[in-house]
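Asks: My questions all concern the structure below.
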Amino acid sequence: MDLESRLTIENMLHEERRYLRTNNGPITRRLNKKKSSPHLRWTPHERLQFEQGYRNYGNRWTEIARLIPTRSPLQVKNYARNYFPKK
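Once you know that position 53 of the sequence shown is 53 in UniProt numbering, the rest is easy, because the numbers rise by one and skip nothing.
Written out as C-alpha cells, the structure is:
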C-alpha cells in the first residue's frame with residue numbers, strides 16, 4: 001500500500017471515530033452525576049421522599065432516586081441498608 005492510500009485511510013478512520021464518538025466519556029459522566037456529597041446527612045424532606053418511594057417501588061433504587069433529585073441510586077440503596085437494619 002502506498003503512502004497516499006495509507007494516509008487517506010487513516011484520515012477516514014479518524015473522522016469516523018470523531019463522528020461515532022459516544023456519550024460514555026468521563027466528561028458526560030461528570031455532567032450527569034448528582035451534586036450531593038455522600039457524606040451529607042439526609043434531610044427530613046429526602047427521608048419522606050424515600051419512604052414514599054419505598055412504599056410505591058419497593059427495592060427499585062433507581063426509581064426511588066428519581067424522586068430524590070439530590071441522591072443517586074447507590075446513595076438510596078446505602079441509605080436503605082441503614083434504614084432497615086438486619087435483625
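Just so it is clear, CB atoms sit at the ideal spot from N, CA and C, and this is done for glycine as well.
Fair warning: this is a prediction, and the values are worked out from it, not measured in the lab.
Note down the Cα distance separating residue 125 from Gly53, rounded to an integer number of angstroms.
Replies: One cannot answer for residue 125 here, as it falls past the ends of the chain, which runs 1 to 87.
Asks: What residues in its chain sit with their C-beta under 8 Å from that of Tyr79, if we drop five residues either side in the sequence?
Replies: Hits under 8 Å: Trp42, Phe50 and Arg71.
Asks: If distances are taken between C-alpha atoms only, which option among Ser5, Asn59 and Val76 comes closest to His39?
Replies: Comparing Cα-Cα distances from His39 to each of Ser5, Asn59 and Val76, the minimum goes to Val76.
Asks: Could you spell out where the alpha helix (DSSP H) holding Leu48 opens and where it closes?
Replies: Per DSSP, Leu48 belongs to the alpha helix (DSSP H) from Pro44 to Tyr57.
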